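Residue numbers (this note's numbering), protein chains in the order written: chain R, 15 to 320; chain X, 6 to 258.
Remarks on the structure that follows.
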Amino acid sequence: MLDAIDRDLLKAVADLEGIPKGAYNIRKNGQLLGREVSANITIETNEAGNGIVVRIKPGTLNESVHIPVIVSQAGLHDVVYNTFIIGEASDVTIVAGCGIHCGSAKSQGHEGIHEFKIEKGARVKYVEKHVALGEGKGKRALNPTTKVFLAQDAYAEMELSQLGGVDAADRTNTAELSAGSSLLITERVMTDGAQTAISRNEIILAGENSKANMISRSVIRGNSKQDFYATMDARAKCFGHIECDAILMGNGSNETVPSLKARHPDAELTHEASIGKIADEQLMKLMSLGLTYDEAVNRIIQGFLK
Amino acid sequence: MLKIKDIVFSVPDLDASEKGAQKSIINRVSYTFEAGKFYAITGPNGSGKTTLAKLIMGIYPVTSGSIFLKGTDITHLGITERARAGIAYSFQHPARFKGTTFRDLLSIAAGTEDEDALAKIVARVGICSLDFLDKPVDSRLSGGEIKKVELATTIARNPKVAIYDEPDTGIDLWTIDPMVRLLKREQETHGTTTIVVSHNRAFLAAADTLLLIRSGRIAYAGDLDGASALLEDLSACGYGDICEGENNVRCYR
């Protein structure tokens with residue numbers, strides 16, 4: 015059953031008020047808390063026993079899978095390997111996320127390794143939220159990895175966010191795109207205090223007319239530090255774009271390194287990157303609409319991370 | 006309604022040989038803007054028009070002098086307090102935001118998120134459509150579109166004093182007259198004291214009073230006809246003092 019802490023975490027990472035409808039797999043403190051499958055979606059424990067395999071039948075439309083993870087046990091570092099096989103011509107939403115509740119001085123963490131095989135013509139929206147709550151002083155660490163393989167004409171949209179409480183994050187995203195496939199990644203990260211977050215991204219545009227767009231929005235408060243690395247490696251006639259913006263508040267620091275590699279004469283690759291404080295002109299505009307300085311800062315950050 | 010008294014705005018003079026020298030962008034300007042009237046501020050580039058407008062909004066602090074709104078001294082109030090006191094400002098180069106939509110800005114300006122209320126404001130402004138509401142106010146908006154957003158957020162404040170800094174920048178030729186009519190309508194139906202900084206004759210002709218700013222001072226205040234001679238004079242080259250004649254290769258005129 016879900017206790018009050020579990021409910022808070024589920025609400026924060028998956029917008030769930032309780033047990034979700036449809037297919038789901040809830041993992042709590044390294045153990046299975048609950049699982050439900052549907053006619054088109056199966057969830058099985060993998061052979062190694064350290065994760066799950068989610069299979070979506072070809073042609074499945076408008077269904078969703080929730081696979082939240084809760085870590086509330088002091089000192090636990092949970093590692094999980096999940097595989098998603100999205101059948102041909104299906105269109106589904108996968109909601110993942112990890113919520114840590116830290117109530118002690120011991121460190122807690124989660125490493126989720128998610129591998130996606132998105133078959134021909136399939137579309138998937140993947141939403142992943144990471145949060146850490148609790149009064150404990152223990153370090154909360156989240157090191158997620160996503161590996162995405164897009165078959166011909168497949169489409170994936172990935173929304174990855176980490177908006178508070180995580181002390182250390184080291185994320186790796188890799189993707190390989192076949193002909194005609196598209197990938198949109200939007201990553202939003204906010205850090206504060208002495209937190210650190212690193213995001214490493216390697217996108218290979220292997221197939222003709224593949225398209226990838228990587229958007230990163232970082233807000234760096236306090237003395238926190240965020241680093242962003244992204245590489246688009248074009249091996250065919252394709253289109254790739256990286257857009258990374260970081261807002262520095264307080265004494266934080268940021269390193270942003272977008273990298274474009276064109277290995278084909280018809281590759282089109284672009285990037286835009288910015289690091290800086292909130293622009294004065296934005297603050298003045300909102301203050302001229304009656305907001306105070308602090309209210310204006312909040313509205314700008316809210317919009318930026320929306 | 007709005008009274009400026011002996012206002013001066015000085016900045017460090019970087020060209021001066023002596024250290025710490027100041028130059029005045031606005032030099033002892035006094036004027037009273039009457040309630041519900043339409044004013045156009047014009048003058049050559051660099052004469053201080055925008056600076057004067059920004060001093061009124063509190064975007065720049067005055068070096069000396071005073072500003073009164075309906076008799077209350079607002080000289081030392083910040084932008085927020087002046088906005089709340091009833092002054093609204095339309096920027097010449099509006100800010101662009103990543104992730105913030107026109108709806109967000111309009112809701113802040115109007116103080117409501119109510120769909121009907123926002124639709125009413127959009128209809129009242131009349132120069133942008135409802136489907137504009139969910140567009141992000143970012144670099145994808147054209148120069149003209151963002152100026153329309155700027156205008157709408159200013160009108161949504163229902164201000165006592167509305168200041169528009171070159172509202173026609175980037176606006177197509179066919180939208181300028183509707184824009185002039187809109188500002189006149191706002192002036193007439195809501196009694197808005199309207200101050201437009203512009204070079205455009207359409208705004209100058211619409212104004213009850215024209216203020217001509219030259220070298221940080223008001224060189225003329227009155228109707229457009231009375232200003233004709235001065236405006237003609239300004240259309241000639243302003244570099245007469247240092248002119249080396251038409252053989253000067255650096256002269257672009």
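No residue lacks a Cβ here, since even glycine has one placed at the ideal position from N, Cα and C.
Quantities reported herein were computed from a predicted structural model and do not represent experimental measurements.
Closer than 7 Å at the beta carbon, the chain X residues around R/Thr-306: Those are Thr-85, listed as they occur along chain X.
Run of the alpha helix (DSSP H) containing X/Pro-123, from where it starts to where it stops: Just to set this straight, residue 123 of chain X is Leu in the shown sequence, not Pro. Going by DSSP, X/Leu-123 is part of the alpha helix (DSSP H) stretching over 120–130.
Opening and closing residue of the beta strand (DSSP E) in which X/Ile-151 lies: Where X/Ile-151 is concerned, there is no enclosing beta strand (DSSP E), although the alpha helix (DSSP H) it sits in stretches over 148–160.
How far does the alpha helix (DSSP H) with X/Thr-56 in it extend, from its first residue to its last? First-last of the alpha helix (DSSP H) with X/Thr-56: 54–62.
Considering just the uninterrupted stretch of the alpha helix (DSSP H) at X/Ser-112, what are its terminal residues? Taken as a continuous stretch (DSSP letters only), the alpha helix (DSSP H) holding X/Ser-112 covers 107–115.
Could you say which of X/Thr-77, X/Thr-56 and X/Leu-110 lies nearest to R/Gly-304 if we only look at CA atoms? Per the Cα distances, X/Leu-110.
Residues in the stretch 279–312 of chain R with C-beta within 8 Å of chain C's C-beta atoms, listed in sequence order? Judged by its chain identifiers, the structure shown contains no chain C, and its protein chains are R and X.
Short CB-CB distance (under 8 Å) between R/Asp-259 and chain X: With 8 Å as the cut-off, R/Asp-259 counts as an interface residue toward chain X.
Using 8 Å as the cut-off, can you tell me whether the stretch 250–260 of chain R makes contact with the stretch 210–229 of chain R, which would need three or more C-beta pairs spanning the two stretches below that distance? Yes, they touch.
Grouping DSSP H, G and I as helix and E and B as strand, with all else coil, what is R/Val-180? Of the three classes helix, strand and coil, the one that applies to R/Val-180 here is coil, per DSSP.
Consider the Cβ of X/Phe-102: report whether some Cβ of chain R lies at a distance smaller than 8 Å. It does; some Cβ of chain R falls within 8 Å.
R/Ile-314 versus chain X: which residues are under 8 Å apart at the beta carbon? Those within 8 Å of R/Ile-314 in chain X are Phe-102 and Thr-105.
On the CB-based measure, 16 or more other CB atoms within 10 Å of its CB, does X/Ala-26 come out buried or exposed? Per the 10 Å Cβ criterion, exposed.
Does the beta carbon of X/Val-162 sit closer than 8 Å to a beta carbon anywhere in chain R? The residue asked about is misnamed: residue 162 of chain X is Arg in this sequence, not Val. At least one chain R Cβ lies under 8 Å of X/Arg-162.
Range of the contiguous alpha helix (DSSP H) that encloses X/Lys-189: Annotation for X/Lys-189: the continuous alpha helix (DSSP H) segment containing it runs 178–195.
Strand pairing of R/Gly-48, partner residues [DSSP]: Note: R/Gly-48 sits in a beta bridge opposite R/Ile-40.
Chain X residues whose Cβ lies nearer than 7 Å to that of R/Phe-318: Per Cβ cutoff of 7 Å: Lys-103 and Gly-104.
I need the boundaries of the alpha helix (DSSP H) containing R/Ser-302, first residue and last residue. First-last of the alpha helix (DSSP H) with R/Ser-302: 294–302.
Residues near R/Gly-150 in its chain [Cβ-Cβ closer than 6 Å; skip 5 each side]: Setting aside the 5 residues that flank it on each side, R/Gly-150 is surrounded in the same chain by Cys-116, Gly-117 and Ser-118, each with a C-beta closer than 6 Å to its C-beta; the list follows chain order.
Beta strand (DSSP E) segments (min. 3 residues) lying fully within the stretch 143–180 of chain R: Look at the stretch 143–180 of chain R and you find these whole runs of beta strand (DSSP E), each 3 residues long or longer: 154–156, 159–164 and 169–176.
For X/Met-184, decide whether its Cβ has a neighbour in chain R, counting only Cβ atoms nearer than 8 Å. Not closer than 8 Å to any Cβ of chain R, the Cβ of X/Met-184 fails to qualify, so no.
Going by other Cβ atoms of all chains shown within 10 Å of its Cβ, with 16 needed for buried, is R/Gln-176 buried or exposed? By the 10 Å Cβ count, R/Gln-176 comes out buried.
At what residues does the beta strand (DSSP E) containing X/Ile-168 begin and finish? Membership of X/Ile-168 in the beta strand (DSSP E) is indicated by the continuous run 166–170.
So, under 8 Å CB-CB, R/Ile-289 and R/Ala-260 are touching, yes? Tell me the CB distance rounded to an integer number of Å. With a Cβ gap of about 4 Å, R/Ile-289 and R/Ala-260 count as contacting.
Between the CA atoms of R/Thr-97 and R/Val-106 - distance to the nearest angstrom: Those two C-alpha atoms are separated by around 15 Å.
Between X/Thr-198 and X/Gly-149, what straight-line distance do the alpha-carbon atoms span, to the nearest angstrom? Annotation: X/Thr-198 to X/Gly-149 spans about 24 Å, alpha carbon to alpha carbon.
Can you give me the start and stop residues for the alpha helix (DSSP H) that R/Thr-205 sits inside? Segment 196–205 is the beta strand (DSSP E) holding R/Thr-205; no alpha helix (DSSP H) there.
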